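Structure record follows, encoded as structure tokens.
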């Protein structure tokens with residue numbers, strides 16, 4: 001396969017992941033509403049992209065995830081916590097933008113970088129993918145909670161923490177580990193075969 005063909009194929013693969021993320025982000029497929037929280041599976045394509053194509057792709061998909069979160073919070077902020085992700089409704093627009101973007105970009109970077117390191121160390125792709133997904137999902141949750149705490153100190157953080165970690169965090173963590181560990185190894189093998 002020529003260099004140009006390889007680059008074109010990679011662009012198409014990125015575009016497919018970005019399209020999947022957009023479909024999940026702007027339809028009910030990507031969110032499970034359990035007031036007062038919104039459980040998402042948008043982190044899954046970010047982690048998959050990072051594991052399959054590296055931290056750069058993970059950062060790009062994470063940025064898109066952040067933009068989608070912000071747009072959804074502006075257009076239809078349902079749970080009270082979601083309103084803090086809206087630069088228009090939070091009362092702190094810059095902080096909301098940082099909270100939407102930074103943890104999501106780091107989600108992709110951490111997943112991709114950790115997978116590259118663990119793949120060499122463990123020599124078992126499914127285990128490396130699962131551990132990378134778990135670590136990235138935990139870092140993402142901690143990043144969002146850290147931003148909430150740092151930028152919005154007036155919040156009743158005990159309730160927010162219990163809601164996000166208790167419901168969101170655990171379910172999103174389980175989904176990330178399971179789906180990444182199951183999907184990535186065969187998909188990586190398929191992509192390497194050049195089909």
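Residue numbers (the numbering used here): 1 to 195. Note that the Cβ used here is the ideal one computed from N, Cα and C, for glycine as well. Computed from a predicted structure; not experimentally measured.
Quick check: the Cα distance between residue i and residue j, rounded to an integer number of angstroms?
i	j	result
residue 48	residue 106	14 Å
residue 59	residue 154	31 Å
residue 123	residue 129	11 Å
residue 87	residue 6	39 Å
residue 26	residue 52	24 Å
residue 10	residue 134	26 Å
residue 85	residue 31	15 Å
residue 120	residue 104	25 Å
residue 151	residue 89	14 Å
residue 50	residue 188	12 Å
residue 23	residue 118	31 Å
residue 33	residue 72	13 Å
residue 148	residue 139	14 Å
residue 76	residue 180	29 Å
residue 91	residue 143	20 Å
residue 57	residue 193	20 Å
residue 83	residue 74	7 Å
residue 96	residue 46	20 Å
residue 186	residue 94	41 Å
residue 19	residue 29	13 Å
residue 64	residue 15	11 Å
Taking DSSP's pairing of strands, which residues face residue i in a bridge?
i	result
residue 40	31
Do the CB positions of residue i and residue j come within less than 9 Å of each other?
i	j	result
residue 114	residue 126	no
residue 42	residue 17	no
residue 44	residue 174	no
residue 13	residue 191	yes
So, under 8 Å CB-CB, residue i and residue j are touching, yes? Tell me the CB distance rounded to an integer number of Å.
i	j	result
residue 182	residue 108	19 Å between Cβ atoms; not a contact.
residue 141	residue 169	4 Å
residue 172	residue 39	7 Å
residue 110	residue 136	5 Å
residue 145	residue 54	Going by Cβ atoms, the distance from residue 145 to residue 54 rounds to 27 Å, so no, they are not a contact pair.
When you compare the CB of residue i with every CB in chain C, is at least one pair closer than 9 Å?
i	result
residue 120	Among the protein chains of the structure shown there is no chain C, as only one such chain exists.
At least 3 beta-carbon pairs within less than 8 Å: the region 94-101 vs the region 62-81: yes
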